[in-house]
Amino acid sequence: MNEFEKSGPAVPGAKTADAKTSRTVAAGPAPGPAAPAATVLDVRGLTIRTDQGRALVSDLSFSIGAGSRLGLVGESGSGKSLTALAVLGLLPPGMTASGSVVLAAGADGPGAEVVGASEQRLTGLRGRAATIVFQEPLTALDPLMRIGGQVAGPLRRWRGLRGAALRRAVREALEQVRLPEPDRIIRAYPHEISGGQRQRVALAMALACEPALLIADEPTTALDVTVQSEVLALLDGLVAERHMALLFVSHDLAVVSAVTDHVVVLKDGSAVESGTVDEIVRRPRHPYTRDLVDSARHLESALERIVR
Ligand SMILES: Nc1ncnc2c1ncn2[C@@H]1O[C@H](COP(=O)(O)OP(=O)(O)O)[C@@H](O)[C@H]1O
Ligand SMILES: [Mg+2]
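In our numbering, the protein residues as written are 725 to 1032.
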């Protein structure tokens, strides 16, 4: 029996914060159908160490149910990106993860353990079980290849499309992320389109995998403020339409609170607080969370912008 079966499905909206060392938050499904949602990601006691043994992430636990959204928030260097990478077994060389990271491998099947999994096993999970959109869309794109060819990659791989059907699907994928003039974008190289357009392309490629879980690591941080809110609104809509689960990573609580319903606050690699967005924004308990709330308010009056 693996960790996934032991822990069972996430209870809607359930939240436990246990005694001293580890805190757990479970982002349940949105209110609606009564059937309990399957867990798409279950992280238990995740610890990430350098090759010298220094812990950069310590004893982190959280879970995400199908179709629900969890924000991971904390200042720069708090361990958010390493956590996101560990979920996909993508830690930089020399770093090791311990604890457990279980991804749902199929609709109803048992989950798959990522920690210690072979590269072959990980390749089978990446894309379908979970995929990631990074802060800098150029990292996801090949500078020497036209956009059309790059978007075709996952559509060919995941949906088995070829020829005219593939060309149609590429165009549709770009239309779904509301890219104007998709025919021009298809022929363009990454440097010929704007940063916001590149992030839409990266999102189109991630969505083409039809993942159960989308991980977005600071997906709008590199964009201008107006473009940032457009891309956030797009992400919000697409995740809802497709009933995808979302792990949204950002240093900016205002941004996190606009797209997620539960939040884990990370400081120096440890969770210091977790709860619903509403609880965290209205009644932060930890001084660090209070600072994040203050700076979010200061930046953009986060409270007015809570849409969920
Ligand atoms: N490849 C690496 N080698 C050594 N230390 C790293 C590496 N990547 C990240 N770190 C360190 O791990 C900590 C957490 O990093 P990261 O997860 O990128 O933070 P965040 O995404 O919250 O800004 C930081 O102290 C960072 O310096
Ligand atoms: Mg980061």
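C-beta: ideal position from N, C-alpha, C; glycine also. Quick caveat: nothing in here was measured; it's all calculated off a predicted structure.
Excluding five sequence neighbours on each side, which residues of the same chain lie with their C-beta closer than 7 Å to the C-beta of residue i?
i       : result
Glu799  : His975
Thr1000 : Asp985 and His986
Under the rule that 16 or more other beta-carbon atoms within 10 Å means buried, what is residue i, buried or exposed?
i       : result
Pro718  : In the structure displayed, the chain extends from 725 to 1032; residue 718 sits before or after that span and is not available.
Arg922  : buried
Arg924  : buried
Pro935  : buried
Pro904  : exposed
Gln874  : buried
Ala758  : Any reading at Ala758 needs caution, since the residue's pLDDT is 49, under 50, leaving its predicted position unreliable; the model's value is listed next. Counting Cβ neighbours within 10 Å, Ala758 comes out exposed, since fewer than 16 surround it.
Ser1066 : For the chain, the structure presents residues 725 to 1032; residue 1066 sits outside this window and is missing.
Pro1011 : exposed
Ala995  : buried
Val901  : buried
Gly840  : exposed
Just how far apart, CA to CA, sit residue i and residue j?
i       : j       : result
Thr763  : Leu809  : 19 Å
Arg1014 : Glu954  : 27 Å
Ile917  : Arg1007 : 42 Å
Leu959  : Pro817  : 31 Å
Arg845  : Leu931  : 21 Å
Arg886  : Cys933  : 15 Å
Val797  : Leu990  : 6 Å
Asp1018 : Ala876  : 43 Å
Leu780  : Asp907  : 45 Å
Val767  : Ser787  : 6 Å
Pro861  : Ala926  : 6 Å
Glu896  : Leu977  : 33 Å
Gly961  : Ile1004 : 23 Å
Gly830  : Val894  : 25 Å
His1022 : Ala888  : 51 Å
Gly993  : Val811  : 15 Å
Val949  : Ser998  : 27 Å
Do residue i and ligand 2 come close, with the Cβ less than 7 Å from some heavy atom?
i      : result
Glu860 : no
Asp992 : no
Asp941 : yes
Ser998 : no
Figure out for me which residue from the options has the closest Cα to the Cα of residue i.
i       : options                            : result
Asp783  : Ser805, Gly823 and Leu806          : Gly823
Pro878  : Gly851, Leu827 and Ile772          : Gly851
Arg793  : Gly993, Lys991 and Ser981          : Ser981
Leu868  : Thr950, Ala912 and Asp992          : Ala912
Leu1016 : Gly769, Leu770, Ser802 and Ala779  : Ser802
Val973  : Arg966, Val983, Glu965 and Ala964  : Val983
Leu815  : Leu947, Gly789 and Leu770          : Leu770
Glu837  : Val825, Gly830, Arg892 and Gly848  : Val825
Leu971  : Ala853, Ala821 and Gln776          : Ala853
Leu806  : Glu997, Gly872, His915 and Asp941  : Asp941
Arg880  : Gly872, Ile871 and Leu890          : Leu890
Ile871  : Ala1020, Lys804, His915 and Arg778 : His915
Leu865  : Leu827, Val988 and Ala928          : Ala928
Val988  : Ile910, Glu899, Gly795 and Glu965  : Gly795
Quick one: residues in its chain with C-beta nearer than 6 Å to the C-beta of residue i, no 5 flanking neighbours on either side, listed in chain order?
i      : result
Met968 : Leu938
Thr855 : Ala930, Cys933 and Pro935
Val951 : Gly920
Thr945 : Gln859
Arg883 : none
Ser731 : The predicted position of Ser731 is uncertain, since its pLDDT is 36 and thus under 50; no value can be drawn from it.
For ligand 1, is there a heavy atom less than 7 Å away from the beta-carbon of residue i?
i       : result
Ser800  : yes
Thr863  : no
Ser805  : yes
Leu780  : yes
Thr984  : no
Thr945  : no
Thr820  : no
Pro816  : yes
Thr1013 : no
Thr771  : no
Thr774  : yes
Excluding five sequence neighbours on each side, which residues of the same chain lie with their C-beta closer than 8 Å to the C-beta of residue i?
i       : result
Met819  : Ile772, Arg773, Thr774, Asp775, Leu780 and Leu806
Ala1020 : Asp976, Leu977, Ala978, Ser981, Val1005 and Ala1026
Would you say residue i touches ligand 4, meaning its beta carbon is less than 7 Å from a heavy atom?
i      : result
Leu827 : Only ligand 1 and ligand 2 can be found as ligands here, which leaves ligand 4 out of the picture.
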